[in-house]
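Peer 1: Attaching a single structure in structure tokens format; questions to follow.
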Amino acid sequence: MKIKVINPNTTESMTEKIGAAARGVAAQGTTIVATSPAMGPVSIEGHYDEAVSVLGLLEEIRTGEADGCDGYVIACFGDPGLLAAREIARGPVLGIAEAAMHAASMIAAGFTIVTTLERTRGIARQLVEAYGMARLCRNIRATDLAVLDLEREGSAARITIVEECRRALKEDHADAIVLGCAGMADLSAEIAREIGAPVVEGVTAAVKLVEALVGLGLQTSKIGELAFPLPKAYRGAVRGFAPGGA
Ligand code: 5HY
Numbered sequence: 008m009k010i011k012v013i014n015p016n017t018t019e020s021m022t023e024k025i026g027a028a029a030r031g032v033a034a035q036g037t038t039i040v041a042t043s044p045a046m047g048p049v050s051i052e053g054h055y056d057e058a059v060s061v062l063g064l065l066e067e068i069r070t071g072e073a074d075g076c077d078g079y080v081i082a083c084f085g086d087p088g089l090l091a092a093r094e095i096a097r098g099p100v101l102g103i104a105e106a107a108m109h110a111a112s113m114i115a116a117g118f119t120i121v122t123t124l125e126r127t128r129g130i131a132r133q134l135v136e137a138y139g140m141a142r143l144c145r146n147i148r149a150t151d152l153a154v155l156d157l158e159r160e161g162s163a164a165r166i167t168i169v170e171e172c173r174r175a176l177k178e179d180h181a182d183a184i185v186l187g188c189a190g191m192a193d194l195s196a197e198i199a200r201e202i203g204a205p206v207v208e209g210v211t212a213a214v215k216l217v218e219a220l221v222g223l224g225l226q227t228s229k230i231g232e233l234a235f236p237l238p239k240a241y242r243g244a245v246r247g248f249a250p251g252g253a
């Protein structure tokens, strides 16, 4: 099977890191295609960044459909454009936040999300509510790291994240940690060893869940809300996105 893992921001080093993490857990027979859009923000750290990133993401889904991809991962903890992507995809589309929370809910009685900037906590909180995880999410902690701090060689990001995870175990009584940024995709095993608790990372969780869904022969339902968009004209710079080629 072929799974397309899309980094909706346009920082190549992060896309490479995400692709390596995905390939590290992919089953034999699963091909991982890791991409990021040609247009969009270099990092997604708020509602505006997220909104602007969605068109580039959807373009990657469109090309994935033409290339026969069996499923998709949206590798950004805000799960930007998730439902729109599901409308235009045949196969399963998972966001890393949704995948990570569901995985954590199956191995722990409660988890804490450890994310980047303080201002993105609200986005994570909205997703916790949307995914029905409020009962299990003990807290959402921000390290106040910028997303691209995770890309800087020699940054203290890893230590900062480990310290916040330790506080989560002690103060929130979390039984597991959910890492709240795709840029942390290379850190989960190391952090789990250091803190002695399960650390769920969304890119790898999403890849395995997409594999499972495709293996079950499950695709995105096209009989209701997530049916293909209605054919109509689009005007101006987005005219090429018109559904049904109208
Ligand atoms: C992410 N931003 O996973 C989110 C993390 C965040 O560019 N990739 C980004 O802090 O929302």
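Per my numbering, the very first residue in the sequence shown carries number 8; after that it's consecutive.
Glycine included, C-beta positions come from ideal geometry on N, C-alpha and C.
Select from 88, 92, 82 the residue whose C-alpha is nearest the C-alpha of residue 69.
Peer 2: On the sequence shown, residue 69 is found 62 positions in, with the first residue counted as 1. Closest option to residue 69, Cα to Cα, is 92.
Peer 1: Considering only the alpha carbon of each residue, which of 247, 229, 189 lies closest to residue 94?
Peer 2: Taking the sequence shown and counting its residues from 1, the one referred to as residue 94 is at position 87. Comparing Cα-Cα distances from residue 94 to each of 247, 229, 189, the minimum goes to 229.
Peer 1: How far does the beta strand (DSSP E) with residue 148 in it reach, from first residue to last?
Peer 2: Residue numbering aside, residue 148 sits at position 141 when the sequence shown is read from its first letter. It spans 144-149 - the beta strand (DSSP E) in which residue 148 sits, taken as one unbroken run.
Peer 1: Please say whether residue 98 and residue 217 have beta carbons closer to each other than 9 Å?
Peer 2: Indexing the sequence shown from 1 puts residue 217 at position 210. Indexing the sequence shown from 1 puts residue 98 at position 91. Taking 9 Å as the Cβ cut-off, residue 217 and residue 98 qualify as a contacting pair.
Peer 1: If you draw a straight line from the alpha carbon of residue 44 to that of residue 17, how long is it in whole angstroms?
Peer 2: Counting from one through the sequence shown, the residue named residue 44 turns up at place 37. Counting from one through the sequence shown, the residue named residue 17 turns up at place 10. If I take the Cα positions, the gap works out to 6 Å.
Peer 1: Please report the distance separating the alpha-carbon of residue 253 from that of residue 48.
Peer 2: Numbered from 1 along the sequence shown, position 246 holds the residue referred to as residue 253. Numbered from 1 along the sequence shown, position 41 holds the residue referred to as residue 48. Unreliable placement is indicated for residue 253, whose pLDDT of 44 sits below 50; the coordinate value is still reported in the next sentence. When rounded, the distance between both Cα atoms is 29 Å.
Peer 1: I need the DSSP call for residue 235, collapsed to helix, strand or coil.
Peer 2: What you label residue 235 is simply residue 228 of the sequence shown in a count that begins at 1. Correct three-state label for residue 235: coil.
Peer 1: Excluding five sequence neighbours on each side, which residues of the same chain lie with their C-beta closer than 6 Å to the C-beta of residue 326?
Peer 2: Absent from the structure is residue 326, since the part of the chain shown begins at 8 and ends at 253.
Peer 1: With C-beta atoms as the reference, is residue 40 less than 9 Å away from residue 12?
Peer 2: In the sequence shown, the residue the question calls residue 40 occupies position 33. In the sequence shown, the residue the question calls residue 12 occupies position 5. A contact, by the Cβ cut-off of 9 Å.
Peer 1: With residue 120 and residue 148 assumed to form a contact (beta carbons below 8 Å), what rounded beta-carbon distance in angstroms separates them?
Peer 2: For the purposes of this step, residue 120 is taken as residue 113 along the sequence shown, with counting starting at 1. For the purposes of this step, residue 148 is taken as residue 141 along the sequence shown, with counting starting at 1. Going by Cβ atoms, the distance from residue 120 to residue 148 rounds to 7 Å, so yes, they are a contact pair.
Peer 1: From residue 157 to residue 191, what does the alpha carbon distance come to, in whole angstroms?
Peer 2: One-based indexing of the sequence shown puts residue 157 at position 150. One-based indexing of the sequence shown puts residue 191 at position 184. If I take the Cα positions, the gap works out to 7 Å.
Peer 1: In whole angstroms, what separates the C-alpha of residue 242 from that of residue 155?
Peer 2: Along the sequence shown, one-based indexing puts residue 242 at 235. Along the sequence shown, one-based indexing puts residue 155 at 148. One C-alpha to the other measures close to 35 Å.
Peer 1: Have a look at 237, 247, 232 and flag the residue whose alpha-carbon is nearest the alpha-carbon of residue 90.
Peer 2: Looking up residue 90 in the sequence shown gives position 83. Of the listed residues, the one whose Cα sits closest to residue 90 is 232.
Peer 1: What whole-angstrom Cβ distance do residue 118 and residue 184 have, given they're in contact under 8 Å?
Peer 2: Position 111 of the sequence shown holds residue 118. Position 177 of the sequence shown holds residue 184. Rounded, the Cβ-Cβ distance is 7 Å, consistent with contact.
Peer 1: Assign residue 118 to one of three DSSP states: helix, strand, or coil.
Peer 2: On the sequence shown, position 111 is the one that residue 118 refers to. Strand, per DSSP.
Peer 1: Compute the minimum distance between the beta carbon of residue 170 and the heavy atoms of the ligand 5HY, and state whether it is under 8 Å.
Peer 2: In the sequence shown, counting from the first residue as 1, residue 170 sits at position 163. No; taking the cut-off as 8 Å, the Cβ of residue 170 has no heavy atom of the ligand 5HY nearer than that.
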